[in-house]
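Have a look at the structure below before the remarks.
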Amino acid sequence: MVREEEEVAMPEQYDRALLLDEVWAEPMSVVAPRYGLSDVGLKKLCARLQIPTPMRGYWAKVKAGRRIPPKPKLKEFKGDQRHLIKPLAPPVTRTVEPELVDERLQAVMAREQDPKHQITVPVRLTRWHPLVLATRDAFRKSHKDNRGLPLPSGKVLDISVSEEQRPRALRIANALLCALEARGYRLVEGNRHIEVEMFGVRLSLSIVEPTTRADYVPTEAEKAAKARGGWSYWPRYTFTPTGRLEVRGDGSYGGLIRDGVRQLVEEQLNKLIVLMATRATELLRFREERARAEEEWQLQRRDALARKAAQEAEQEKVEALRGAARRWQEAQLIRAYLEVLEHSQASSLQGLSDAQSAYLRWARAKADWLDPLVDAPDALLDEVIRVPH
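So the sequence shown is numbered by my numbering: it starts at 1488 and just counts up by one.
The following block contains the structure:
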């Protein structure tokens, strides 16, 4: 039986937080090509990754300057973990216009390229970083990943290596953590493991050992048990550690260094810091652009609301003007009518009676009350009467 072996690195996972930011910052049709998908395919991917997407009509509201709901928070993924893994197909290449390097990143690059700041990993250590000690102790209650490699328990460093490579991985972690803190970067507790905070952006950090994969070959005892009809479970593959290490920043999005023919991981830690800083500044610029866009939207909204309020106030004044004109016109009509009425009654044989004269006085007073040009208050008509319930 021929055993076909292939080297398999830890698979890359989708960055759910970044994808959430992208689909709420730009339409699906703009984001989808970055992932080699159609907009429909991207929406299906978001559904599998449990990432909420904007509802129908969202971008029309944005374009119209209407109020839109805020971006929802990303909840913990509770689905099939296989959905988080990126497919092995080659990524779609995109032409990226050259841009100026962020000043914050330039400072990091200058420091890490200076030989005076070269990070070294001693073979023997006398002082260990507390997080490295906690991780070493956490391996005493370790569990295994799907490749059979031990993982430390608790919220410590994310290290997935064989027992043979563990001392080396811990030494690398110790040198890297001390260097990060010496440069002013914070080590913070994340959802599952310790994370690095650069420029206010949190990035995951992991040390892994790739494995070779081969078809599982059952033992003679397992074959005999199966022949007897007994229950048995055979894994599909066996995984063998390669003895080479990889260090990843933010799940490889923030940089990846690995043992090579010419350089070991220990010689590339400065490079990793630059790669992680590059990732952090990219995310930071994205957030800053979103904040600027939000601020501009708020300014446009406040300006529109102010103009709308001024318009409504002007409309109220115009309506008051029209009402005053109608009242004046109505008062003039009543006065003209009363003139005709008085002349008609005075011309009769009986002349004006006391009752008719009283009515004319009452009617002219009401015309004056209606006329906005005459100050003639009416005690009864002006009274606000509230009927108790």
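No residue lacks a Cβ here, since even glycine has one placed at the ideal position from N, Cα and C. Please read all numbers here as calculations on a predicted model, not as lab measurements.
Check whether residue i and residue j have beta carbons under 9 Å apart
i	j	result
Val1608	Ala1662	yes
Arg1675	Glu1684	Looking at the sequence itself, residue 1675 is Val, so the reference to Arg does not match. In contact: Val1675 and Glu1684 (Cβ atoms closer than 9 Å).
Ile1760	Glu1563	no
Ala1625	Val1643	yes
Arg1777	Val1688	no
Asp1526	Ala1519	yes
Thr1768	Arg1591	yes
Asp1746	Arg1731	yes
Lys1530	Met1515	yes
Ala1800	Val1595	no
Arg1852	Asp1862	Arg is not the amino acid found at residue 1852; the sequence shown has Ala there. No.
Arg1772	Asp1502	no
Gln1787	Gly1552	yes
Contact test: residue i Cβ vs the ligand SAH heavy atom, cutoff 8 Å
i	result
Leu1786	The model on display carries no ligand, and the ligand SAH is accordingly not part of it.
Paired residues, beta bridge with residue i - DSSP
i	result
Leu1638	His1630
Glu1441	In the structure as shown, the chain starts at 1488 and stops at 1876, and residue 1441 therefore has no counterpart that could be examined.
Ile1744	Val1734
Ala1877	The structure shown does not extend to residue 1877, since the chain is modelled only from 1488 through 1876, so no value can be given for it.
Asp1645	Ser1693
Ile1659	Answer is none; Ile1659 lacks a bridge partner.
Ile1572	Gln1500
Straight-line gap, residue i to residue j (C-alpha atoms, nearest Å)
i	j	result
Leu1620	Thr1698	26 Å
Gly1544	Val1510	14 Å
Glu1817	Asp1858	8 Å
Ala1823	Leu1847	12 Å
Glu1513	Ala1796	31 Å
Val1583	Arg1774	Interpretation of Val1583 is limited by its pLDDT of 49, a score under 50 that renders its predicted location unreliable; the figure taken from the coordinates is listed afterwards. If I take the Cα positions, the gap works out to 19 Å.
Arg1569	Leu1536	10 Å
Arg1789	Tyr1740	38 Å
Ile1437	Gln1785	What the structure shows of the chain is the stretch from 1488 to 1876, and residue 1437 is not part of that stretch, so it cannot be assessed.
Asp1855	Arg1794	38 Å
Arg1673	Pro1637	27 Å
Lys1548	Arg1554	7 Å
Gly1738	Glu1781	29 Å
Per-residue DSSP class, three states only, for residue i
i	result
Leu1690	strand
Thr1706	coil
Ile1555	coil
Ile1760	helix
Gln1750	coil
Tyr1720	coil
Gly1528	helix
Ala1863	coil
Phe1564	coil
Leu1868	helix
Ile1821	helix
Trp1429	Residue 1429 is absent from the structure shown; the chain starts at 1488 and stops at 1876.
Leu1612	coil
Val1595	helix
Chain-order list of residues whose beta-carbon lies under 8 Å from that of residue i (same chain, five-residue window excluded)
i	result
Ala1504	Leu1561
Leu1756	Ile1606, Val1608, Ile1659, Ala1662, Leu1663, Ala1666, Val1734, Ile1744
Leu1612	Arg1658, Asn1661
Sequence-distant residues of its chain with Cβ nearer than 6 Å to residue i (five each side left out)
i	result
Ala1666	Ile1606
Arg1814	Leu1857, Pro1859
Pro1728	Ser1649, Glu1696, Thr1698
Gln1819	none
Glu1829	Leu1847
Ser1693	Asp1645, Arg1735
Sequence-distant residues of the same chain with beta carbon closer than 7 Å to residue i, five excluded per side
i	result
Gly1838	none
Glu1870	none
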